[in-house]
Structure formats: structure tokens, C-alpha cells
Amino acid sequence: MDRNSIIGLTLIGLIMVVFSIMNRPSEEELAAQKSRQDSIAAVEQEKKLAEESAQQHSLTPEANSNAVQQDTTVSDSVKAILRQNEFGVFADATVGEEKLITIENDKVRLVISTRGGRMVSAELKEYHTYDSLPLYLFTPDRSSFNMRFAAGTRVIATNDLYFTPGSDGFSVNAGEKNSISFRASAGQGKYIEYTYGLTGGSYVVDFNINMVGLDQVIAANTNFVDLNWEFDAPRQEKNVKTERRNTSVYYHYMEDGETDHLSTTKEDQKDLEAKSSWVAMKSQFFTAALMSKEGLDKPLSVEVKPFEEKDDDEIHAEYLKTLKAEMSIPYDHKASENHAFQFYFGPNHYKTLKDLDVGMENIIYLGWGVFKWVNKFLVIPVFNYLDSFDLSYGLIILLLTVLIKSLLFPLTYRTYLSSAKMRVLKPDIEELGKKFKPEDTLKKQQATMALYRQAGVNPLGGCIPTLLQMPILYAMFSFFPASIELRQQPFLWAKDLSTYDSVLQLPFHIPGYGDHVSLFTLLMTASIFATMKYNTGQYGSNDQMGKQMKIMMYVMPVFFMGFLNNYSSGLTYYYFLSNMITFLQQQIFRRFVDDDAIHKKIQENKKKPASQKKSKFQERMDEMMKQRGYQPPKR
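Take 198 as the starting number for the sequence shown in our numbering and just add one per residue.
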């Protein structure tokens, strides 16, 4: 054998030795393997004894009876060995009978199971589903709340443990407070304890996790324990598509105070980047949230999974999405550790959420940018003030509309005055148009702008007041669908102002419209058409603008009719009232604004020396004319 062969064989031998050392089982793995082998051997021994006993006593009925009893004893013994092997010091806590304990106040009714010590259902007593059934935020068979940690070579999950309740439940009234504890034993002086506290008149549930004497039980390399919360969000509203679109998981970063959420339209998952003060499972009008003053630390992930949409969801859908949060609780291996949390089970009511003082009111979508500020500082305070008089919500919306239109009255007047000037100047513009050939468009536009400047009329004068009104218009588009105050509140033929009012159910579905007829939407459509027709009549229909206005007069109402047919009837009712008040204001302006006086003023402006400075728009028009080879008219 040559030298290279000897070196090669030596290296191969060394590699095999190193490989075997690196891959040999650890002491914990060897102990676990020995424990499993001992358990299997014990089971086999018990089976062998049972078989021998059965053979010896198979001749008499008495012997058979004794054999059955012995077999049962052997079976129980085997189960005990298996439990001990799987759960260690928690083995005894895996045996028990599930009991349901109820705690409640005037707002919520919570059912807690002794198996897992978890809340299996949360009912809001003041509310009902769209079909008048009790309203549950989650149900026993479609929810899970589980704490999980490593204990030696085992993984312990509280869902496998039976907790002993401290009482049979309780009910508290306003001003009262009570609590109940559930304890899963791990031997003398060792236990996991969940404590639930409830105050009368509150949607908040105090929740404490106590881990006592587990510092030698939980694995030494464990720095945190997992806390998993998951449930399928049940359907609660009439319009299942809108409810599904408003259901997701929200979270609030503790450091920067930013609130964010997962996708509302598709499956989504995210590992959060920083400590969060709460995680909320939000539906259209209700929320189940877990809050922590200490903060929910990383690793922390949230997930949403929509159920497959079907054509008959409007009738048969029971659940919308799976909402899930996987959180972490720090563990410092102390003899006793306590972690305080709070649950919120309640409505998405702006003031109620704001009073929690954790930024949870931001889960209510009030629009973005300036629209959100309009809702927060104008619409909501006025709406709440009117609501304090205990009026019908139909009347509250009417008064809200009148107040807002009164606030916008100066802008509406400026818009009308600008349109009146344009209307008076229209004959001069038409006469000017006859002087130019069709291909001289730029010359015509420049001459028209010169006429506006000479007459002292700003063609965009009506646009600015209109634009200033847009934030309120769009703010209302976000406010009404998100207002739980309107939920299941009837008005006239509408049974629920928070969703569409169906006066006729169609036997078929019209794309872009739906399968029902909303009367408030039809009234809103008619009011848009009437207002636009009136405004179009002020300009005539001979010029290009008049023709475009005529087209818009038919297209825009039809577009809004299809778009808003499935929206909140409170919203379409507001738009209808707003359009009618605008139409009424225009009639009043028409009576008191003298077109002859406006015309006289314009003629006086024409006689003044043309010394006015050109606007930026006019300067750009002149520059375009020069580039095209046209010379602007001398002034």
C-alpha cells in the first residue's frame, strides 16, 4: 500500500469518527429515548400480564368479570404511564371533566371552559345579529386560546390541561367588580393560574397569567412562552360583502403610536417589527382585542385567512375569516411570575375606543388625510351632540345635513355668484366664438381669456369654493358606513341605516348594481339629475361645455346609482338631503341675485383700462400661442 492510500484511509477514518461524535444524541435526547423505551416496555409488560390473567380466569363468569376489571385497571395504568411520559409534572392536570363557567355584567357575557382555562365565547348583550340572534364575537368550536412552553424535552400546551375554577362564576352590576381564578396544578406549590376580572358597565376584561414554581419545570433555555389566539370571525351583518371587506387583524406599535392592519381583501401574514401595545380582531362594527401595558414583544406575528367566497354567501355564510395572533410572554425563571393583560370585547364606537386611551379608535376608518380630520373634529362632535338629545337617527342626519350646509353657505353662494357671472357673459362668449374658424382653437381660447380678464370674471372662481366643500363630502362617505350608532336603527322604510335599504329584491343579479333596489339610492340619483339639469340649463347647450354637461347629466347619476346601491342607507339619505338643500339654496340665490346688476357691473369693467396683470394661466396660454405662431391681440 503506497503512501497516498494510507493518508486517504486515515483521513476517511478521522472523518467518520468526527461525524459520529457530532451526530451522537445529547444527554436530554438519550434520557427521552430511555423514557420512551421504558414506557413501551411497561406497556408490553402490562399487556402480557393482562393476557395471562385472562387465560387463567376464562373458565367461569366470575373469572371473566374479574378479568374485565383487571383489564380496565391495566388500561388505566397504561394511560397514566403514557400521560406521565408526555406531560411530566402536568400529567394529573390532563385528567378531568370539562365545565363551563359564566361571568357577566350588563355589557358582556363570557363563558370560560375548565379545559384550557380559556374563554370559549364572548357575547355582547346589548347587540344582536342582523337576523335577531345573540351576537357572539367568537364561538367555542371555532376558537382557540393557548399558552405553550417547553418543559424539559416536552412541549406543554394549556389546551391539554384541566383548570380548577375558584368559584361557579359571577354576575356584577354597575359599580361592582369581581374576579375568578382558574388553576392548573403541576404538583405541590407549582401551577399555572388564569385570573379574569370584570367590572359592571365595562367592555374590558382584566386578565392575569400567574406562573408559580415553574422555574425548575420550564426549560432553562426558554426566554419566553408562546401565547396563541385564533378564531373564525362569525357573520353578524346583512351585507356580508361589506362586513368581510371590513374584517381583519389590527395592531398598534408601542414606540411610534402607529396603527396598521393586514389586508382586508386577501390572505395576509406579517411578523411585527417592534413591540405592540395591542392586537385587535376587528369586524365591521365589533372588536375583540388583547391589550398589554408592558407591550406584546417579539416574536409576534398576525395572520388573516378569508374563507372562499360563494354566490350564496348572502344567505348561507356563517363565518368570514380566520383571524390569528401568535404572541410571546417573557419568562425570567423566577419562582413566581405575573403578566397582566386586558381584553376588550365591544363595539367599534369612536368615543368608547378613545376612552381606552391606547389609540384603538384608529381601527375605525374615517378616511385619510384631511377627510379624517374633518370627521374627528367636526362631524363626530356634532353628531354626538345631536345624539345626546335622544332623537331619531333619521332626524339627526337631517339636522346634521342642515348644520353642515349652513356652515358651507358662504362657499355655496360664492360658487353660485361665479356661475351667474359666467351665465351673464355667455352671449358675449358665443358672439366671440363666431369670429374664429374651428381650426383656430387656441386663438379663440386666448380671446376668451382676454374677455374674462376685461370683464373682471375668473372662470375658475366657482371651482375653489366647490373644492373647499369636497373634504366634507368625502368625509361623510367614510363616516356613515363606519358609524355603529346607525346599526339596526330604522327610519321610514329603511330597517337598518348602516346598510342598504331594499324595497325590492330582484330574482337576478345586475352587474355593477346588485340584486336589490335601494329607494334612498334612487332618490339620491334623482336629486343629482335634477341639480345637474338645472345647472346645465343655466349655460345652454350650444357650446362644447354645454354638450359635455349634458352627457355628464346622464352618466354621473347612473354611475352613483350603481356604486352606492350597496352602501349605507344613512349615507345615500344624507346625499339626497344635501342635494335637495343645495337645489333649494340655488332657487333662493336665483331670486335674490340680480343678473342685470351683474351684467351692468361686467360692462363697467370692460370700459376700464386694461391694466390688470395677467394670471399664470393666461401667461401660459399666451406662451402656447407664440409657440404655435400666433400673436396675442394687442390690449
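Positions of the beta carbon are idealized from the N, C-alpha and C atoms, including for glycine.
For clarity, every value in this text was computed on a predicted model and none was experimentally measured.
Span separating the alpha-carbon of residue i from that of residue j
{"i": "LYS569", "j": "TYR731", "result": "32 Å"}
{"i": "ALA229", "j": "TYR528", "result": "A caution first: ALA229 carries a pLDDT of 49, below 50, which makes its placement in the model unreliable, though a value can still be read off. Roughly 24 Å separates the two Cα atoms."}
{"i": "ASP468", "j": "LEU689", "result": "48 Å"}
{"i": "PRO708", "j": "PRO678", "result": "22 Å"}
{"i": "PHE674", "j": "LEU768", "result": "7 Å"}
{"i": "GLN281", "j": "ASP289", "result": "8 Å"}
{"i": "LEU719", "j": "TYR771", "result": "13 Å"}
{"i": "ARG306", "j": "LEU395", "result": "10 Å"}
{"i": "ALA430", "j": "LEU411", "result": "35 Å"}
{"i": "LEU597", "j": "TYR764", "result": "19 Å"}
{"i": "GLY397", "j": "THR350", "result": "44 Å"}
{"i": "GLY515", "j": "ARG441", "result": "Note that residue 515 is Glu in the sequence shown here, rather than Gly. Cα to Cα, the separation comes out at about 11 Å."}
{"i": "LYS479", "j": "MET667", "result": "29 Å"}
{"i": "PHE726", "j": "LYS747", "result": "10 Å"}
{"i": "SER615", "j": "PHE756", "result": "27 Å"}
{"i": "LEU520", "j": "VAL446", "result": "6 Å"}
{"i": "LEU211", "j": "ILE203", "result": "12 Å"}
{"i": "THR779", "j": "ILE526", "result": "58 Å"}
{"i": "VAL414", "j": "ILE406", "result": "17 Å"}
{"i": "GLN466", "j": "ASP457", "result": "13 Å"}
{"i": "PHE705", "j": "GLU628", "result": "53 Å"}
{"i": "VAL409", "j": "GLY591", "result": "56 Å"}
{"i": "THR311", "j": "ASN418", "result": "30 Å"}
{"i": "LYS276", "j": "ALA416", "result": "25 Å"}
{"i": "HIS713", "j": "LEU761", "result": "12 Å"}
{"i": "VAL567", "j": "LYS623", "result": "36 Å"}
{"i": "MET758", "j": "SER724", "result": "11 Å"}
{"i": "GLU243", "j": "GLU500", "result": "At GLU243 the pLDDT is 48, less than 50, meaning the model places this residue with poor confidence; the figure from the coordinates comes in the next sentence. Going from the Cα of GLU243 to the Cα of GLU500 covers about 47 Å."}
{"i": "HIS254", "j": "SER274", "result": "Residue confidence for HIS254 is low, a pLDDT of 46 falling below 50, so the modelled location carries little weight and cannot support an answer."}
{"i": "THR728", "j": "LYS602", "result": "15 Å"}
{"i": "ARG432", "j": "ALA485", "result": "14 Å"}
{"i": "LYS797", "j": "TYR613", "result": "18 Å"}
{"i": "GLU682", "j": "LEU563", "result": "15 Å"}
Nearest residue (CA-CA) to residue i, options the options
{"i": "LEU774", "options": "GLN800, LYS631, ILE594", "result": "ILE594"}
{"i": "GLN685", "options": "ILE309, VAL308, ASP303, LEU330", "result": "LEU330"}
{"i": "GLN833", "options": "SER695, LEU716, LEU694, ALA794", "result": "The displayed coordinates of the chain run from 198 to 832. Any statement about residue 833 would go beyond what the structure contains."}
{"i": "ALA371", "options": "ARG345, SER399, LYS276, GLY386", "result": "SER399"}
{"i": "ILE300", "options": "LYS692, VAL308, ALA647", "result": "VAL308"}
{"i": "SER341", "options": "SER364, PHE606, VAL317", "result": "VAL317"}
{"i": "GLU295", "options": "LYS387, GLU511, GLY313", "result": "GLY313"}
{"i": "ASN302", "options": "PHE542, PRO687, GLN643", "result": "PHE542"}
{"i": "PHE287", "options": "ILE681, HIS513, ILE353", "result": "ILE353"}
{"i": "LYS435", "options": "GLN481, TYR613, GLY454", "result": "GLN481"}
{"i": "ILE626", "options": "TYR671, ALA644, TYR610", "result": "ALA644"}
{"i": "LEU553", "options": "PHE284, LEU487, VAL700", "result": "LEU487"}
{"i": "LYS322", "options": "MET777, ALA532, PHE483", "result": "PHE483"}
{"i": "ILE464", "options": "LEU517, ASN535, THR291", "result": "The sequence given here has Glu at residue 464, not Ile. Ranking LEU517, ASN535, THR291 by Cα distance to GLU464 puts LEU517 first."}
{"i": "ASP791", "options": "VAL621, ALA691, ARG650", "result": "VAL621"}
{"i": "THR609", "options": "TYR671, GLN782, GLY564", "result": "GLN782"}
{"i": "SER439", "options": "GLU511, GLY386, HIS449", "result": "Correcting the residue type first, residue 439 is Thr in the shown sequence and not Ser. Of GLU511, GLY386, HIS449, the residue nearest in Cα terms is GLU511."}
{"i": "TYR168", "options": "ASN420, SER498, PHE404, ASP403", "result": "Only positions 198 to 832 of the chain appear in this structure, which leaves residue 168 out of reach."}
{"i": "ALA532", "options": "LEU648, SER364, LYS387", "result": "LYS387"}
{"i": "SER589", "options": "LEU665, ALA691, LYS548, MET721", "result": "ALA691"}
{"i": "GLY363", "options": "SER378, LEU694, ILE389", "result": "SER378"}
{"i": "MET777", "options": "ALA647, ARG611, VAL599, VAL700", "result": "VAL599"}
Cβ separation of residue i and residue j, assumed to be a contact under 8 Å, to the nearest whole Å
{"i": "LYS618", "j": "ILE785", "result": "That belief does not hold up - the Cβ atoms of LYS618 and ILE785 are roughly 18 Å apart, past 8 Å."}
{"i": "SER766", "j": "TYR697", "result": "6 Å"}
{"i": "ALA522", "j": "VAL476", "result": "5 Å"}
{"i": "LEU332", "j": "HIS325", "result": "5 Å"}
{"i": "THR392", "j": "SER376", "result": "6 Å"}
{"i": "VAL401", "j": "GLN539", "result": "5 Å"}
{"i": "PHE428", "j": "ASN572", "result": "Not confirmed; about 30 Å, so no contact."}
{"i": "LYS502", "j": "ALA537", "result": "Not quite, the Cβ-Cβ distance comes to about 30 Å (not below 8 Å), so this is no contact."}
{"i": "GLY366", "j": "ILE278", "result": "Not confirmed; about 36 Å, so no contact."}
{"i": "THR462", "j": "THR444", "result": "So it is not a contact: roughly 10 Å between Cβ atoms."}
{"i": "ALA381", "j": "GLY285", "result": "About 13 Å separates the two Cβ atoms, so there is no contact after all."}
CB contact check: residue i to chain B, cutoff 8 Å
{"i": "ILE593", "result": "No chain B appears in this structure, which consists of one protein chain only."}
- Message: Please give the ranges of any beta strand (DSSP E) in the region 394-464, keeping only runs that are unbroken, at least 3 residues long and fully inside the region.
- Response: 401-409, 421-431, 445-450, 456-458
- Item | Within the region 490-516, ranges of the alpha helix (DSSP H) (whole runs, at least 4 residues) | 510-513
- Message: Closer than 8 Å is the cut-off here; do at least three beta carbon pairs connect the region 555-567 with the region 418-426?
- Response: no
- Which runs of the alpha helix (DSSP H) spanning at least 4 residues fall entirely within the region 639-718, listed in chain order? List check, alpha helix (DSSP H) in window: 660-679.
- Message: Quick check on the DSSP output: what are the complete alpha helix (DSSP H) runs of length 4 or more inside the region 300-380, in order along the chain?
- Response: none
- Query: Is it true that the region 749-760 meets the region 573-593, where meeting means three or more beta-carbon pairs spaced less than 8 Å apart?
  - Reply: Touching, no.
- Item | contact_flag[the region 459-474, the region 489-496] where n(CB pairs < 8 Å) is 3 or more | yes
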